[in-house]
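Colleague: With positions in the sequence shown counted from 1, the corresponding number in our numbering is that position plus 446.
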Amino acid sequence: MAVPNPEDELVRLQKLCAKGLPPVLAISGANDHFRAEAMELVLAAVPKDAELRLIDAVDLRAGGGGGDDADAEADDDADDAADAGDAAGGEGLAACPELQELRGGGLFARAAFVVVRRGANWWRRHAATVAAQAPRFQRGSGLVIEATKLDKRKRAVATFAKELAAAGGLFEFRDLYDQPFDRTRSPLEGELCRWVVRRAAKLGVPLLPEAAWLLVVQVGKLLPELLAELGRLRATLGAEAKRKPLGPADLRGRVTTSFEATPFDFADAVLGDDPVGARRAVRAMFDRGARGRDGKVVDAGGVLPFTTSWLHRSLAMAYEGRVLLDGGVPLRDLPARAGVKGFADRFVDQVRRHDEPRLRRGLFALRHCQRMSRLSGEEPAVLLEQFLAMWFDGAPIPTAEDLEA
Numbered sequence: 447m448a449v450p451n452p453e454d455e456l457v458r459l460q461k462l463c464a465k466g467l468p469p470v471l472a473i474s475g476a477n478d479h480f481r482a483e484a485m486e487l488v489l490a491a492v493p494k495d496a497e498l499r500l501i502d503a504v505d506l507r508a509g510g511g512g513g514d515d516a517d518a519e520a521d522d523d524a525d526d527a528a529d530a531g532d533a534a535g536g537e538g539l540a541a542c543p544e545l546q547e548l549r550g551g552g553l554f555a556r557a558a559f560v561v562v563r564r565g566a567n568w569w570r571r572h573a574a575t576v577a578a579q580a581p582r583f584q585r586g587s588g589l590v591i592e593a594t595k596l597d598k599r600k601r602a603v604a605t606f607a608k609e610l611a612a613a614g615g616l617f618e619f620r621d622l623y624d625q626p627f628d629r630t631r632s633p634l635e636g637e638l639c640r641w642v643v644r645r646a647a648k649l650g651v652p653l654l655p656e657a658a659w660l661l662v663v664q665v666g667k668l669l670p671e672l673l674a675e676l677g678r679l680r681a682t683l684g685a686e687a688k689r690k691p692l693g694p695a696d697l698r699g700r701v702t703t704s705f706e707a708t709p710f711d712f713a714d715a716v717l718g719d720d721p722v723g724a725r726r727a728v729r730a731m732f733d734r735g736a737r738g739r740d741g742k743v744v745d746a747g748g749v750l751p752f753t754t755s756w757l758h759r760s761l762a763m764a765y766e767g768r769v770l771l772d773g774g775v776p777l778r779d780l781p782a783r784a785g786v787k788g789f790a791d792r793f794v795d796q797v798r799r800h801d802e803p804r805l806r807r808g809l810f811a812l813r814h815c816q817r818m819s820r821l822s823g824e825e826p827a828v829l830l831e832q833f834l835a836m837w838f839d840g841a842p843i844p845t846a847e848d849l850e851a
């Protein structure tokens, strides 16, 4: 079953909170932004007269003696034995005393809520205990678990998770899709672009879908960064709910580049026929720095040599592959014949996209870029932009005679 749109999940959670929090509520999913919004709703719904205990379980190991994986893959028979102990109120509850607070201690005991943040490992360790103890929670009390992922591989936990989902207490917040399911449709119809349009309108800086997509292309897909950029636009342009939606031209020179890119991203965009991605990568590398294979930021003076070196290698490999293909070598044999060991499918796609004259011209254009980096005082980013104009737009490649003239 497909995971619903996270905004639909928020609406469902809002309705649940309005009715009152259930005994167990699980908030999971890869998207930090939506999980944070969900937790704001949940915490606001905790009754004012209830005792509230917050637990940050980020440093908790899953336990089990063999680390997280060993615990997650424990034998089902051992899990069943532990579940039996939990049902009897044995070792499981003793190892998780916070659940005792939810069982109530007397006739006039106040309702209580335990909220576990970043609780993936807490869930792995105590999920079976939670399943056994949930029916014993005092009326009006509850447990809230928030985690990027909830492990459901253990038999008893899987059953409990299904019951929790059936009762409407399990929520998952995935990332928004930047492309529609039907890839013949425009990205303007994707979830991410439509989300930006709605948020921009709420902030008083309405955008046309084309302008919203420009924001995504230049800023990236992280929702907090997109919101921050919308906030900067609002501070610059002012908030006007009835303003005519802004188009791409209205954003020119106003949008910052707030994502990272690498020379590998740049080369992939060049050979993948993605001019927007290639130009975005250039801006990102020189605005925020580029990272090498070791993940460390490359010195500013080394960005251009690193980028052109890797691109030359990629173009030369694609050129060799094209020569082999034109010489009769089958596509399936190209990676092996060209000595390509990783990302074979990407290599084959790059070879199929470009004919031999274009790849040769690309190598000449890149060589000109490298020559000008030594002979002129031009900015490295400008040199790469000039290369992209030669590669994508067919701009002429100056010869040595042109330079002398």
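Yeah, the Cβ is synthetic: ideal placement off N, Cα and C, and Gly gets one too.
Taking its Cβ as the centre, do 16 or more other Cβ atoms sit within 10 Å of K600, making it buried, or is it exposed?
Modeller: As a working note, residue 600 is residue 154 in the sequence shown. By the 10 Å Cβ count, K600 comes out buried.
Colleague: Quick one: grab the DSSP three-state call for A528.
Modeller: As a working note, residue 528 is residue 82 in the sequence shown. For A528, the predicted model reports a pLDDT of 43, less than 50, meaning its position is unreliable; a value from the coordinates is still stated below. Residue state, collapsed to three classes: helix.
Colleague: Sort out for me which residues DSSP pairs S474 with in a bridge.
Modeller: In the sequence shown, counting from the first residue as 1, residue 474 sits at position 28. Answer is A593, E618, bridged to S474.
Colleague: Taking the alpha-carbon positions, what's the D621 to P842 distance?
Modeller: For the purposes of this step, residue 621 is taken as residue 175 along the sequence shown, with counting starting at 1. For the purposes of this step, residue 842 is taken as residue 396 along the sequence shown, with counting starting at 1. Cα to Cα, the separation comes out at about 42 Å.
Colleague: Tell me the rounded alpha-carbon separation between E692 and L679.
Modeller: What you label residue 692 is simply residue 246 of the sequence shown in a count that begins at 1. What you label residue 679 is simply residue 233 of the sequence shown in a count that begins at 1. Inspection of the sequence shows that residue 692 is occupied by Leu rather than by Glu. So the alpha carbons of these two residues sit roughly 11 Å apart.
Colleague: Determine whether the beta carbon atoms of G565 and A593 lie at a separation below 7 Å.
Modeller: Here residue 565 refers to the residue found at position 119 of the sequence shown. Here residue 593 refers to the residue found at position 147 of the sequence shown. Yes, these two residues count as a Cβ contact at 7 Å.
Colleague: Compute the Euclidean distance between the alpha carbons of V642 and V701, then round it to the nearest angstrom.
Modeller: If you number the sequence shown from 1, residue 642 lands on position 196. If you number the sequence shown from 1, residue 701 lands on position 255. So the alpha carbons of these two residues sit roughly 14 Å apart.
Colleague: How many whole angstroms separate the CB atoms of V576 and V470, which I take to be in contact at a CB cut-off of 8 Å?
Modeller: Reading the sequence shown from its first residue, position 130 is the one you call residue 576. Reading the sequence shown from its first residue, position 24 is the one you call residue 470. Correct: roughly 7 Å between the Cβ atoms.
Colleague: Here's a check: name, in chain order, each residue in its chain whose Cβ is nearer than 6 Å to the Cβ of Q832, leaving out the five neighbours to either side.
Modeller: If you number the sequence shown from 1, residue 832 lands on position 386. So no residue of the chain qualifies.
Colleague: Determine the DSSP secondary structure at G588, reduced to helix, strand or coil.
Modeller: For the purposes of this step, residue 588 is taken as the residue at position 142 of the sequence shown. Reduced to three states, the DSSP call for G588 is strand.
Colleague: From what residue to what residue does the alpha helix (DSSP H) around D502 run?
Modeller: Stepping through the sequence shown from its first residue, residue 502 is reached at position 56. D502 -> not in any alpha helix (DSSP H); beta strand (DSSP E) instead, spanning 497-502.
Colleague: If I follow the unbroken alpha helix (DSSP H) through F793, where does it start and stop?
Modeller: Position 347 of the sequence shown holds residue 793. Counting along the chain, the alpha helix (DSSP H) containing F793 begins and ends at 790-799.
Colleague: Return the CA-CA distance between A540 and R571, expressed in angstroms with no decimal places.
Modeller: Working through the sequence shown from its first residue, we reach residue 540 at position 94. Working through the sequence shown from its first residue, we reach residue 571 at position 125. Distance between the alpha carbons of A540 and R571: 13 Å.
Colleague: From the DSSP output, read off the bridge partner residues of L653.
Modeller: Here the question's residue 653 lines up with position 207 in the sequence shown. DSSP lists L692 as partners of L653.
Colleague: Spell out a yes or no on whether the segment 763-770 and the segment 788-797 are touching, meaning 3 or more CB-CB pairs, one atom from each, closer than 8 Å.
Modeller: Result yes; three or more Cβ-Cβ pairs closer than 8 Å.
Colleague: Out of Q664, A685, K595, state which residue places its alpha-carbon closest to the alpha-carbon of G699.
Modeller: Against the sequence shown, residue 699 aligns to sequence position 253. Out of Q664, A685, K595, Q664 has the C-alpha closest to the C-alpha of G699.
Colleague: Applying the criterion that 16 or more other CB atoms from any shown protein chain within 10 Å of the CB defines a buried residue, is D801 buried or exposed?
Modeller: Looking up residue 801 in the sequence shown gives position 355. Exposed: under 16 other Cβ atoms inside 10 Å.
Colleague: Just to confirm the assignment, what range does the beta strand (DSSP E) spanning A580 have?
Modeller: Here residue 580 corresponds to residue number 134 of the sequence shown, with the count starting at 1. From DSSP, A580 is part of no beta strand (DSSP E); its letter is neither H nor E.
Colleague: Please say whether A685 and A707 have beta carbons closer to each other than 7 Å?
Modeller: Taking the first residue of the sequence shown as 1, we reach residue 707 at position 261. Taking the first residue of the sequence shown as 1, we reach residue 685 at position 239. The answer is no: Cβ separation not under 7 Å.
Colleague: Leaving out five residues on either side along the sequence, give the residues of the same chain with a beta carbon under 6 Å from the beta carbon of L553.
Modeller: Within the sequence shown, the letter at position 107 stands for residue 553. Residue placement at L553 cannot be trusted, given a pLDDT of 49 that sits under 50; what the coordinates show is reported in the next sentence. Correct list: empty, nothing qualifies.
Colleague: With DSSP run on the structure shown, which of helix, strand or coil describes E453?
Modeller: Taking the first residue of the sequence shown as position 1, residue 453 is located at position 7. In this structure, E453 counts as helix in the three-state DSSP scheme.
Colleague: Suppose the cutoff is 6 Å on Cβ atoms and the five residues either side in sequence are ignored; what does the same chain contact list for E544 look like?
Modeller: Along the sequence shown, read from residue 1 onward, the residue named residue 544 stands at position 98. Taken in chain order, the residues that qualify are V560.
Colleague: Buried or exposed for V662, going by 16 or more other Cβ atoms inside 10 Å?
Modeller: Translated into positions along the sequence shown, residue 662 becomes position 216. It is buried - the Cβ of V662 has at least 16 other Cβ atoms within 10 Å.
Colleague: Could you tell me whether the Cβ atoms of L906 and S819 are closer together than 7 Å?
Modeller: It is not possible to answer for residue 906, since the shown part of the chain is limited to 447 through 851.
Colleague: What are the start and end residues of the alpha helix (DSSP H) that includes R563?
Modeller: As a first step, residue 563 must be located in the sequence shown, where it is residue number 117. Careful: R563 lies outside any alpha helix (DSSP H), inside the beta strand (DSSP E) at 558-563.
Colleague: Going by the CB atoms, is the gap between R556 and E497 shorter than 7 Å?
Modeller: Taking the sequence shown and counting its residues from 1, the one referred to as residue 497 is at position 51. Taking the sequence shown and counting its residues from 1, the one referred to as residue 556 is at position 110. Yes, these two residues count as a Cβ contact at 7 Å.
Colleague: Within 10 Å of its beta-carbon, does Q460 have 16 or more other beta-carbons around it, so buried, or fewer, so exposed?
Modeller: In the sequence shown, counting from the first residue as 1, residue 460 sits at position 14. It is exposed - the Cβ of Q460 has fewer than 16 other Cβ atoms within 10 Å.
Colleague: State the CB to CB distance for the pair A580 and V603, rounded to an integer number of angstroms; the pair is presumed to be in contact (CB under 8 Å).
Modeller: In the sequence shown, counting from the first residue as 1, residue 580 sits at position 134. In the sequence shown, counting from the first residue as 1, residue 603 sits at position 157. Wrong, their Cβ atoms sit about 12 Å apart, outside the cutoff.
Colleague: Indicate the three-state DSSP secondary structure (helix, strand or coil) for G513 in the structure shown.
Modeller: Translated into positions along the sequence shown, residue 513 becomes position 67. Unreliable placement is indicated for G513, whose pLDDT of 39 sits below 50; the coordinate value is still reported in the next sentence. Correct three-state label for G513: helix.
Colleague: Assign E483 to buried or exposed, taking buried as 16 or more other Cβ atoms, counted over all protein chains shown, within 10 Å of its Cβ.
Modeller: As a first step, residue 483 is located in the sequence shown; it is residue number 37 there, counting from the start. Burial call: buried.
Colleague: Quick one, which of A715, A472, V504, A611 has its alpha-carbon nearest L489's?
Modeller: Numbered from its first residue, the sequence shown carries residue 489 at position 43. For L489, the nearest C-alpha among the options comes from A472.
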